[in-house]
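Below is one structure, written out as structure tokens, with a few remarks after it.
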């Protein structure tokens, strides 16, 4: 045996054996993680039944045809739907983005499950039995884990087993990528042909950027685009306009609204509270009445906003525009034609228009030079950050192992020798926990950099965040973490005079192998610790504490109460980046340390279970992109595969070199083709996937969607920046104190008028403050359909909040017009009880109104006799087909009259009805049981009819 091998084995025994993870340590670690995971699951099961505001937020805000299965009061009723509901049902309820994320987790789980049985079941015995002989083998519980890794094997005749497993794993990954890509292409094309997509405005609209000055008017650009795409009829064109100071004015208006609401929430509590002095604030060293001051400020801001809006059409045009075609297929084919033949002007760039709520408007107007400069600067910033971040990462690497600490601080060695239990605890639990906390703060930084980069949509920002986080983790952990572990050991050897500098470089390869042995044990611990992270995600402990404390220990405003129950947006960027990183870790060490396959398999099983429940019942997708992030995910799967194959290639090469066993070079040569094949697949994948997923491949079968020009509004009315025309936020106070308003606003009764001008206010029903789950255009059109229309359409109901429209535009009521067919799912909610998710009699986070609220004309389960939107009435004709008799008339929207900020578009509630009637709501007429829901055409008998 060569001297190099002797040094490697000797170094391994002195460096690893005392402090490395043993079977007993691994079992303790796994036992601790299983215990904590089980305890958190018990907490979730105990709390879920009574806390639907936390554990069923999405269910409460979703229209009936998109609801997941209703869960019973059984503590374990949530498990059945999570295992039973398949992809077709998930596509209908949660969308393609969510389904693809779950398929990624499922793909990883099945891959590691199969190879935990085949790989770990064969390689672990080989690594141990064909490894370094030990005349006095330790008990099984004291056996170091590194003895089960490839680094322990000395009989190179068995190196072929590792090669076979690597080939089998590579083939499984190639096949999995192909099958998931085929599924993605098929479902994305189905999404393009779904009724709802074909009927939406943005599906048949292109966005034009870098529009030259001579084309920055609607007529000129219309003629230019029609000439550019003569085979496809252009219906409408709208060029963007400068806003001036309007955004700042609206921001100030919203700030004043929030301040006024906080003052009213603190002052208007009950009858006795009016005996106290009115709230006051200091303005320029003078004490003034807070309510009157904020009201006057709001009046002035409203006047300035109105003035700015009246001048919008005369403002200078911007360098972007929206072009609407007669159908979605025409828009897609026009874009294909433009990309193939060019625009005739190199500056103009065309793309499918995103949903308005997805656009980052301030980045859309950036000139090309500014975007290029920002992109370059952000890339430099990312590089510098990754380099600078090696300092904290290196420190973490140094303190993750006891030998690393004792090498840097020799005086700590006696203490660790005297406390072996703490040494094991530090190495197996504390270090991975510190690393996990460090990773939690990264997404905020990368999201800020991505927005500054000039990216024009929020979903594109999320894709950029995913890529940046993955790159950082790969650089800082797989590269720097391993190399710093080697460097720490080398410095320790030099300090202890064990080796000279020349000997260190001479034996660099054995030191790298030894470091990989040690880091593989660390990553096994880290991945097992992520089990706890998954169950913490399920428990939603932070959300639970925030809602409980805000609800019972503060006086939140009605708007804040609604925000508390808002279904959170699912963070695809962080989840994809995290699990892609964990996937590559498990994959890299799968052949070298096969035990990591078992730990990784459990991790992805828990992740699949947790995130499937969360996507079905808790989280929402802010904007459905139909899987645009999937391309980046597949690229990282292929990149991880190449890294794994190169790692196996180098490990076999080092092993053969260490033993000078040139007769085994054939095995090394056989390890060369897999990374080459994967590289070819990755290159071909780009050219194969892109044309099949970017645009529609065929015209829609339904003839009514082949020409939607008769339903196409002015594209500017829907895509124009909402600040142009939207109504301002109106103050909200609790329904419980609405009768005190006239005493607070003495002398200002004219300021408190309803939406239609014929009552003292509008009641926002607590059960109907819902979140618009689907990406429909109704929310946008209702906001911008008229220059000064108030978009809050509310049901007169004695059980919610009181919204004061104190600051009206020039129109007392909006002009006659119909609402959109997708009017915030109003047609689906009216007449149904909102229904609690669990069907129980009481909810600790819900206000319980008096029983009389549930009777008579104010029953939230019955249609209201009048509407507060422009003084209009419900239409009381027969119910639409497929709906129960109680669903008569249209349903009012209930959302903030201000704006289009995504943070303002949610209308959420705490269920205040106290009723727990079963509500097994069938899908509407024509709704499919799987795939995407069909488009629901407008029914004139179920629409609001504003006069």
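Residue numbers (the UniProt record's numbering): 1 to 947.
Idealized CB from N, CA, C, for every residue including glycine.
Notebook entry, point to check: Is it the case that the Cβ atoms of residue 631 and residue 580 are separated by a distance below 7 Å?
Noted result: Result no, Cβ atoms of residue 631 and residue 580 do not sit closer than 7 Å.
Next item on the list: With a floor of 4 residues, list each alpha helix (DSSP H) that falls wholly inside the stretch 580 to 622, ordered by position along the chain.
Entry: Complete alpha helix (DSSP H) runs here, min 4: 595 to 617.
Checklist line | Backbone CA spacing between residue 281 and residue 289 [nearest angstrom] | finding: Their Cα atoms are separated by approximately 7 Å.
Next item on the list: Can you give me the Cβ contacts of residue 268 inside the same chain, cut-off strictly under 7 Å, excluding the 5 residues immediately before and after it?
Entry: 733, 737, 740 and 744, listed in sequence order.
Item checked: Residue from 203, 103, 149 and 155 whose Cα sits closest to the Cα of residue 180 -> Residue 103 holds the alpha-carbon nearest to the alpha-carbon of residue 180 among 203, 103, 149 and 155.
Margin query: Helix, strand or coil for residue 569? Go by DSSP, reduced to three states.
Written below: Reduced to three states, the DSSP call for residue 569 is strand.
Next item on the list: Let me know the secondary structure DSSP gives residue 948 once reduced to three states.
Entry: Since the first residue shown for the chain is 1 and the last is 947, residue 948 is missing from the structure and cannot be characterised.
Note to self: For the structure I just gave you, are there three or more beta carbon pairs, one from the stretch 72 to 90 and one from the stretch 555 to 572, closer than 8 Å?
What the structure shows: Not touching, per the Cβ criterion.
Next item on the list: With a cut-off of 8 Å on the beta carbons, I'd call residue 244 and residue 318 a contact; round off their distance for me.
Entry: A Cβ-Cβ distance of about 12 Å is found for the pair residue 244 and residue 318, leaving them out of contact under the 8 Å criterion.
Note to self: Between which two residues does the beta strand (DSSP E) holding residue 319 run?
What the structure shows: Unbroken beta strand (DSSP E) run through residue 319: 317 to 325.
Next item on the list: With DSSP collapsed to three states, give me the class of residue 210.
Entry: Here residue 210 carries a coil assignment [DSSP, helix/strand/coil].
Note to self: What does the alpha-carbon distance come out to for the pair residue 279 and residue 623?
What the structure shows: Inter-residue distance for residue 279 and residue 623 is about 41 Å (C-alpha atoms, whole angstroms).
Notebook entry, point to check: Using the beta-carbon count (16 or more within 10 Å), is residue 155 buried or exposed?
Noted result: When all chains shown are included, residue 155 counts as exposed.
Check: When the Cα atoms are used, what is the spatial distance from residue 224 to residue 456?
Finding: Taking the straight line from one Cα to the other gives about 24 Å.
Notebook entry, point to check: For the putative contact between residue 61 and residue 567, defined by C-beta atoms under 8 Å, what is the C-beta separation to the nearest angstrom?
Noted result: Their Cβ separation, rounded to whole angstroms, is 6 Å, which keeps residue 61 and residue 567 in contact under 8 Å.
Notebook entry, point to check: For residue 215 versus residue 206, is the C-beta spacing smaller than 7 Å?
Noted result: Taking the C-beta atoms as reference points, residue 206 is found no nearer than 7 Å to residue 215.
Notebook entry, point to check: Would residue 207 count as contacting chain B if we go by Cβ distances under 7 Å?
Noted result: This model lacks chain B altogether, as it is built from one protein chain only.
Notebook entry, point to check: Between residue 160 and the rest of its own chain, which residues show a CB-CB distance below 8 Å, the 5 nearest in sequence each way excluded?
Noted result: Excluding sequence positions up to five before and after residue 160, its CB lies within less than 8 Å of the CB of 667, all in the same chain and listed in chain order.
Notebook entry, point to check: Buried or exposed: where does residue 330 fall if 16 or more other Cβ atoms within 10 Å of its Cβ makes it buried?
Noted result: Residue 330 should be labelled buried.
Next item on the list: Using alpha carbons as the reference points, say which of 683, 687 and 649 lies closest to residue 673.
Entry: Of all alpha-carbon atoms in 683, 687 and 649, the one lying nearest the alpha-carbon of residue 673 is that of 649.
Checklist line | C-alpha gap between residue 553 and residue 37, whole angstroms | finding: Whole-angstrom Cα-Cα distance: 30 Å.
Note to self: Taking 8 Å as the cut-off, does the stretch 111 to 125 touch the stretch 598 to 613 (at least 3 CB pairs, one atom from each stretch)?
What the structure shows: Cβ pair count under 8 Å is three or more, so yes.
Note to self: Please report the distance separating the alpha-carbon of residue 210 from that of residue 262.
What the structure shows: For residue 210 and residue 262, the gap between their C-alpha atoms comes out near 44 Å.
Margin query: Using CA atoms only, rank isn't needed, just tell me which of 88, 326, 272 and 238 is closest to residue 186.
Written below: Closest by alpha carbon: 88.
Margin query: Please state whether the Cβ-Cβ distance between residue 242 and residue 315 is less than 7 Å.
Written below: Cβ distance < 7 Å, so residue 242 and residue 315 count as in contact.
Notebook entry, point to check: Who are the near neighbours of residue 414 in its chain, counting only those whose CB is closer than 6 Å to its CB and skipping five residues on each side?
Noted result: Counting only residues of its own chain and dropping the five nearest sequence neighbours on each side, residue 414 has no CB closer than 6 Å to any other CB.
Notebook entry, point to check: If we count the other Cβ atoms within 10 Å of its Cβ and call it buried at 16 or more, is residue 129 buried or exposed?
Noted result: With fewer than 16 Cβ atoms within 10 Å of its Cβ, residue 129 is classed as exposed.
Next item on the list: Could you have a look at residue 880 and say whether DSSP puts it in helix, strand or coil?
Entry: Here the model assigns residue 880 a pLDDT of 40, short of 50, so the residue's position is not dependable, and the following value carries that caveat. Here residue 880 sits in coil by DSSP.
Check: Smallest Cα separation from residue 54: which of 582, 542, 363 and 575?
Finding: Considering only 582, 542, 363 and 575, the residue with the shortest C-alpha distance to residue 54 is 542.
Margin query: Am I right that residue 585 and residue 527 are in contact with their C-beta atoms under 8 Å? What's the rounded C-beta distance?
Written below: Right, the Cβ-Cβ distance comes to about 7 Å (below 8 Å), so this counts as a contact.
Next item on the list: Pick helix, strand or coil for residue 671, following the three-state DSSP scheme.
Entry: It is coil, neither helix nor strand.
Next item on the list: State the Cα-Cα distance for the pair residue 213 and residue 320, rounded to the nearest angstrom.
Entry: For residue 213 and residue 320, the gap between their C-alpha atoms comes out near 10 Å.
Note to self: Can you look up residue 122 in the DSSP assignment and give me helix, strand or coil?
What the structure shows: Helix.
Check: With distances taken between CB atoms, is the gap from residue 324 to residue 715 smaller than 7 Å?
Finding: Residue 715 is positioned such that its CB atom lies closer than 7 Å to that of residue 324.
Next item on the list: Mind listing, in chain order, the continuous alpha helix (DSSP H) runs of no fewer than 4 residues lying wholly within the UniProt domain "CSC1/OSCA1-like N-terminal transmembrane" (26 to 172)?
Entry: The UniProt domain "CSC1/OSCA1-like N-terminal transmembrane" (26 to 172) contains, as complete alpha helix (DSSP H) runs of 4+ residues, the segments 52 to 55, 57 to 61, 79 to 84, 87 to 93, 96 to 115 and 121 to 129 (chain order).
Notebook entry, point to check: Which residues share a DSSP beta bridge with residue 286?
Noted result: Partner(s): 283.
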